[in-house]
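Below: one structure, written as structure tokens.
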Amino acid sequence: MFSGLLSRPHPDRPFLPGPSKTAWHGLRLASLESLEHPEVTDLAKLQRAPREVTRWQKAQQQLLSGQYRPALATYRSLVQRFPSLMQLWFEMGVGAVGDLEFEQAEQAFRRAVDLAPQDDSLLVLLGQQYHRLRRLDQARHFFQRAVEVNPKSVQARLSLAEWYERERRLDEAWECVEACVKEHPHDAQALYFRALLLHRKGLNAEAEAALRDLVKTGIREPNLKFSSRHLLGVVLDQLGQYGEAMRWLCEAKAEVRLTTDVARMENDYDRADARRRELLSGMTGEMLARCRQESLATAPPGRLALLGGHPRSGTTLLEQILGAHPDIQAFDESEAFVQEVWNQLAPMQAVQTLSAQGLHSLSASRRKDLRQRYFKSLLREVDKGPSAPVLLDKNPSPTASLHLWLRVFPELKVIIALRDPRDVVISCFFQNLTLTPTNANFLTLDRSVKHYADLMDVWLRLRELGGFDWIETRYEDVVGNLETEGRRVTEFLGLTWDTAQAAFHETARRTFVFAPTYNEVTQPVHQRAVGRWQHYAEALAPIQARLAPYCKTFGYAE
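The numbering of the sequence shown is our numbering, which starts it at 18 and goes up by one.
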């Protein structure tokens with residue numbers, strides 16, 4: 018069994034137990050029938066070869082830092098020498114996924130399962146990896162197998178329950194959690210997920226009581242201390258107890274700061290933002306137009322569209338409306354751009370700063386390679402290639418790198434979703450997101466406003482420079498008159514409105530939505546979230562002045 022496993026997949030980090038003494042003990046050596054078992058023999062051989070251990074550790078670090086190709090080369094060598102070590106095969110599969118070698122990844126994962134078919138922790142990890150690959154049937158299969166192998170495993174039960182919940186199979190999710198609670202009545206993680214399902218079922222009063230009881234038990238695990246308080250804040254918001262909701266949210270976020278080096282994350286983010294602002298200040302409209310004109314000669318016209326804007330501006334709703342069109346193939350927050358373009362040109366931990374001139378001078382061969390890798394990654398969830406004339410990449414956060422999008426994809430059609438900045442900030446503050454340098458901004462309202470300004474300043478600068486195809490659309494207009502606004506944006510993509518788009522929520526119920534708002538977009542359009550910030554006007558008062566210019570610019574000034 019692996020040790021130190023994560024319970025949720027992270028888009029940028031593989032699941033690596035590590036070749037440490039603890040991880041070796043975690044391979045369940047005691048359960049093997051004989052010391053002559055091939056896995057034990059290979060493990061013993063590896064332990065007696067310090068140089069190989071060092072190579073393994075280096076390969077793991079390369080995986081964690083996104084250096085997939087050199088890591089993969091090392092794993093290919095290691096599995097030749099130690100072919101019975103399941104962990105090597107699993108990590109090799111992770112590296113192959115990162116290097117877009119999907120067939121090789123599948124082979125490595127199958128070999129890992131062949132070596133340890135009864136390891137429920139491995140099966141859960143494989144479910145998470147196939148989730149990352151967006152191979153939904155395989156992901157569900159491995160979560161189900163993990164429960165079959167070890168019905169008493171909290172991790173296996175809750176992983177399957179979480180999957181069912183994402184598929185909106187709430188009755189099956191509830192059965193999983195109830196079985197887990199029956200077996201482990203005091204397990205905090207199981208009790209937390211039970212409360213989450215009560216919330217999903219709309220039983221918020223019951224969820225509140227369950228969460229208050231859970232908090233009183235004195236949870237020790239840092240992530241659960243945060244998550245239970247955070248969910249209590251969300252539930253109280255639904256119950257109309259807005260002051261209490263904000264208090265619990267602030268307490269939850271304070272817990273994160275006690276156990277995480279948030280200052281370092283904020284510093285990393287601020288340095289990346291400073292580099293981005295410097296680059297944008299050096300760009301000119303002439304430079305952007307010339308790059309576009311030169312590149313369009315070799316780029317296919319009108320095939321790719323970006324649906325961006327600040328997170329929580331209604332991008333998922335609009336993506337579902339547009340994606341219901343038969344001639345639009347929508348992709349929901351794919352990792353393709355971040356991994357294959359942004360990480361290559363301007364990563365968060367940049368060693369060398371990319372300048373406007375450097376971006377302008379990007380060679381045709383480099384741009385071609387970036388494009389090919391992006392499309393290969395984007396289309397990995399589509400078995401037979403693109404099935405519609407327009408590919409729509411809904412990806413709000415990478416809007417901050419719109420200048421990179423436009424350099425590599427000059428044909429790009431840009432849709433920017435707008436929403437009242439005050440509603441955006443409050444909504445972001447309510448999110449429970451994987452902690453990254455970017456998401457660390459949402460731990461305080463002050464930093465949430467900063468992030469809003471940083472991202473929207475990128476948009477305003479590029480809108481000013483012009484020279485590309487773009488349209489803005491307001492969330493309030495979408496929920497106010499779905500067909501009128503939906504038709505306008507659909508026509509921007511060169512298509513006519515389709516009646517299926519008006520019933521987008523029916524399509525969403527039949528599909529797997531990856532965005533954090535997956536539960537909301539399965540409902541018909543409503544206006545309940547418009548003006549939500551007014552419930553939290555007191556908390557927003559200190560930062561209202563900083564949002565005022567954006568409210569005015571985007572038409573939300575009172």
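For each residue, glycine too, the CB sits at the ideal point set by N, CA and C.
Lys430: first and last residue of the uninterrupted beta strand (DSSP E) it sits in
Numbered from 1 along the sequence shown, position 413 holds the residue referred to as residue 430. Here the beta strand (DSSP E) through Lys430 covers Lys430 to Leu435.
Decide if the stretch 330–346 is in contact with the stretch 367–381; the criterion is three or more beta carbon pairs, one per stretch, under 8 Å apart.
Touching, no, given that fewer than three Cβ pairs across the two stretches are closer than 8 Å.
Beta-carbon proximity list for Ala207, same chain, < 8 Å, skipping 5 on both sides
On the sequence shown, residue 207 is found 190 positions in, with the first residue counted as 1. By the criterion of a C-beta distance shorter than 8 Å, Ala207 is surrounded in its chain by Val171, Arg174, Leu175, Val194, Cys197, Val198 and His201, once the five residues flanking it on both sides are discounted.
What first and last residue would you give for the alpha helix (DSSP H) that runs through Trp180?
Along the sequence shown, read from residue 1 onward, the residue named residue 180 stands at position 163. Run containing Trp180: Val171 to Arg183, per the alpha helix (DSSP H) assignment.
Please report the distance separating the alpha-carbon of Ser380 from that of Phe426.
To locate residue 380, count along the sequence shown from 1; it is residue 363. To locate residue 426, count along the sequence shown from 1; it is residue 409. Within the model, the alpha-carbon separation for Ser380 versus Phe426 is close to 13 Å.
Return the chain-ordered ranges of every beta strand (DSSP E) run that is complete within the stretch 388–472 and spans a minimum of 3 residues.
Segments of the beta strand (DSSP E) lying fully in the stretch 388–472: 407–411 and 430–435.
Assigned secondary structure, Trp514 (DSSP; H/G/I helix, E/B strand, else coil):
Locating residue 514 in the sequence shown gives position 497, where the first residue counts as 1. DSSP places Trp514 in the coil class of the three-state scheme, outside both helix and strand.
Please report the straight-line C-alpha distance between His216 and Gln258, rounded to a whole angstrom.
Here residue 216 refers to the residue found at position 199 when the sequence shown is read from its first residue. Here residue 258 refers to the residue found at position 241 when the sequence shown is read from its first residue. In a straight line, the C-alpha of His216 is about 15 Å away from that of Gln258.
In DSSP terms, what Arg491 is bridged to:
By 1-based counting over the sequence shown, the position of residue 491 is 474. DSSP lists Leu435 as partners of Arg491.
For Asp116, which option in Glu352, Val547 and Glu238 has the closest C-alpha, if you only look at C-alpha atoms?
By 1-based counting over the sequence shown, the position of residue 116 is 99. Minimum Cα distance to Asp116 is reached at Glu352.
On the criterion of 16 or more Cβ atoms from any shown chain inside 10 Å, does Thr501 qualify as buried, or is it exposed?
Walking along the sequence shown from the start, residue 501 turns up at place 484. Exposed: under 16 other Cβ atoms inside 10 Å.
Is Gln346 helix, strand or coil by DSSP?
Indexing the sequence shown from 1 puts residue 346 at position 329. Three-state result, Gln346: strand.
Selected residue, minimal CA-CA separation from Asp136, among Ala125, Ala122 and Ala163:
Residue numbering aside, residue 136 sits at position 119 when the sequence shown is read from its first letter. Nearest C-alpha to Asp136 among Ala125, Ala122 and Ala163: Ala163.
Gly325 (DSSP reduced to helix, strand or coil):
Indexing the sequence shown from 1 puts residue 325 at position 308. If DSSP states are grouped into helix, strand and coil, Gly325 belongs with the strands.
Write down the C-beta distance between Phe521 and Gln337 rounded to the nearest angstrom, noting that I regard them as a contact closer than 8 Å.
By 1-based counting over the sequence shown, the position of residue 521 is 504. By 1-based counting over the sequence shown, the position of residue 337 is 320. The C-beta distance from Phe521 to Gln337 rounds to 5 Å, short enough to meet the 8 Å contact threshold.
The alpha helix (DSSP H) with Tyr85 in it runs from where to where?
Position 68 of the sequence shown, counted from the first residue, corresponds to residue 85. For Tyr85, the enclosing alpha helix (DSSP H) stretches over residues Tyr85 to Arg98.
To the nearest angstrom, how far is it from the Cα of Gln255 to the Cα of Ile488?
If you number the sequence shown from 1, residue 255 lands on position 238. If you number the sequence shown from 1, residue 488 lands on position 471. If you draw a straight line from the Cα of Gln255 to the Cα of Ile488, it comes to about 33 Å.
Where does Pro438 land, buried or exposed, given buried means 16+ other C-beta within 10 angstroms?
In the sequence shown, residue 438 corresponds to position 421, counting from 1. If you draw a 10 Å sphere on the C-beta of Pro438, you find 16 or more other C-beta atoms in it, and that means buried.
Within 10 angstroms of its Cβ, does Leu275 collect 16 or more other Cβ (buried), or is it exposed?
As a working note, residue 275 is residue 258 in the sequence shown. It counts as exposed.
Look up Asp486 in the DSSP assignment and give the residues it is bridged to.
Counting from one through the sequence shown, the residue named residue 486 turns up at place 469. DSSP, once it has assigned bridges, lists Lys430 as partnering Asp486.
Contact set for Lys242: own chain, Cβ-Cβ below 7 Å, skip 5 residues either direction
Translated into positions along the sequence shown, residue 242 becomes position 225. Excluding residues within five positions, the ones whose Cβ falls inside 7 Å are Ile236 and Glu272.
Label Leu231 either buried or exposed according to how many other C-beta atoms from any shown protein chain fall within 10 Å of its C-beta, with 16 as the threshold for buried.
Here residue 231 refers to the residue found at position 214 when the sequence shown is read from its first residue. When all chains shown are included, Leu231 counts as buried.
Range covered by the alpha helix (DSSP H) that runs through Met263
The residue you call residue 263 lines up with position 246 of the sequence shown. Met263: member of the alpha helix (DSSP H) spanning Tyr259 to Thr276, first to last residue.
Just mark Ser138 as buried or exposed, buried being the case when its beta carbon has 16 or more other beta carbons within 10 Å.
As a working mapping, residue 138 is identified with position 121 in the sequence shown. Ser138 comes out buried.
Spatial neighbours of Arg577 within its chain, please: CB distance less than 6 Å, with the 5 preceding and 5 following residues excluded, ordered by chain position.
Since the displayed the chain opens at 18 and closes at 575, residue 577 lies outside it and no answer follows.
Rounded to whole angstroms, what's the CA-CA distance from Leu339 to Arg397? Just pull it up for me.
Mapped onto the sequence shown, residue 339 falls at position 322. Mapped onto the sequence shown, residue 397 falls at position 380. Between Leu339 and Arg397, the C-alpha separation is close to 21 Å.
Simplified DSSP assignment, three categories, for Val279:
Looking up residue 279 in the sequence shown gives position 262. The three-state reading of DSSP puts Val279 in helix, counting H, G and I together.
As assigned by DSSP and simplified to three states, the class of Gly299
Along the sequence shown, read from residue 1 onward, the residue named residue 299 stands at position 282. If DSSP states are grouped into helix, strand and coil, Gly299 belongs with the helices.
Taking Leu228 as part of the alpha helix (DSSP H), name the residues at either end of that continuous run.
Translated into the one-based positions of the sequence shown, residue 228 becomes position 211. Note, Leu228: alpha helix (DSSP H), Asn221 to Lys233.
Is it a yes or a no for the stretch 404–420 touching the stretch 242–251, going by three-plus beta-carbon pairs under 8 Å?
The stretch 404–420 vs the stretch 242–251: no contact.
The alpha helix (DSSP H) with Glu555 in it runs from where to where?
Translated into positions along the sequence shown, residue 555 becomes position 538. In the DSSP annotation of this structure, the continuous segment of the alpha helix (DSSP H) that includes Glu555 starts and ends at Ala554 to Leu557.
To the nearest angstrom, how far is the alpha carbon of Arg464 from that of Asn458?
For the purposes of this step, residue 464 is taken as residue 447 along the sequence shown, with counting starting at 1. For the purposes of this step, residue 458 is taken as residue 441 along the sequence shown, with counting starting at 1. When rounded, the distance between both Cα atoms is 5 Å.
Nearest-angstrom Cα distance between Arg128 and Thr91?
Residue mapping note: residue 128 aligns to position 111 of the sequence shown, counting from 1. Residue mapping note: residue 91 aligns to position 74 of the sequence shown, counting from 1. Answer to the nearest angstrom: the Cα atoms are 17 Å apart.
Enclosing alpha helix (DSSP H) for Lys242 [first to last residue]
Position 225 of the sequence shown, counting from 1, holds the residue named residue 242. Counting along the chain, the alpha helix (DSSP H) containing Lys242 begins and ends at Pro239 to Gln255.
Roughly how many angstroms separate the alpha carbons of Lys218 and Asp59, rounded to a whole number?
In the sequence shown, counting from the first residue as 1, residue 218 sits at position 201. In the sequence shown, counting from the first residue as 1, residue 59 sits at position 42. Rounded to the nearest whole angstrom, the C-alpha separation of Lys218 and Asp59 is 49 Å.
Simplified DSSP state of Leu81, which is helix, strand or coil:
Taking the sequence shown and counting its residues from 1, the one referred to as residue 81 is at position 64. Three-state DSSP puts Leu81 in a helix.
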